[in-house]
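Novice:
Numbering (our numbering), first residue to last: 15 to 101.
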């Protein structure tokens with residue numbers, strides 16, 4: 015199961031961290047999920063995770079369902095969102 019890393023800017027680290035449970039619920043089958051904040055104090059964040067179906071995950075990220083997009087906005091996510099997949 016490949017590891018995926020999703021990066022983006024955020025408005026407020028505490029607000030973003032507060033949305034962890036909702037992020038987990040939005041990605042069924044996600045495992046080993048880790049939230050990361052930039053050490054330099056900038057408002058950049060990443061989520062590292064493993065998923066069962068990489069193609070389904072990348073399709074969801076490419077065309078985010080309205081509820082997931084609204085959730086990202088409520089957590090203070092600032093596009094663009096970049097997805098990396100373990101090679």
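For each residue, glycine too, the CB sits at the ideal point set by N, CA and C.
Note that the coordinates shown come from a computational prediction; the quantities given were computed from them, not determined experimentally.
Would the region 57–69 count as touching the region 15–32 if we require 3 or more Cβ pairs under 8 Å?
Specialist: Taking 8 Å as the limit for Cβ pairs, the verdict is that the region 15–32 does touch the region 57–69.
Novice: Around the Cβ of residue 139, are there at least 16 other Cβ atoms within 10 angstroms (buried) or fewer (exposed)?
Specialist: For residue 139 there is no data in the structure shown, the boundaries of the chain being 15 and 101.
Novice: Between the C-alpha atoms of residue 73 and residue 89, what's the straight-line distance to the nearest angstrom?
Specialist: For the purposes of this step, residue 73 is taken as the residue at position 59 of the chain shown. For the purposes of this step, residue 89 is taken as the residue at position 75 of the chain shown. Cα to Cα, residue 73 sits roughly 21 Å from residue 89.
Novice: Buried or exposed for residue 83, going by 16 or more other Cβ atoms inside 10 Å?
Specialist: In the chain shown, residue 83 corresponds to position 69, counting from 1. By the neighbour-count rule (16 or more Cβ atoms within 10 Å), residue 83 is not buried but exposed.
Novice: Return helix, strand or coil for residue 77, following the three-state DSSP convention.
Specialist: Walking along the chain shown from the start, residue 77 turns up at place 63. If DSSP states are grouped into helix, strand and coil, residue 77 belongs with coil.
Novice: Check each candidate in 75, 42 and 81 and name the one with the smallest Cα separation from residue 95.
Specialist: The residue given as residue 95 occupies position 81 in the chain shown. If we check each option's Cα against that of residue 95, 75 comes out closest.
Novice: DSSP on residue 69, reduced to helix/strand/coil?
Specialist: Working through the chain shown from its first residue, we reach residue 69 at position 55. Correct three-state label for residue 69: helix.
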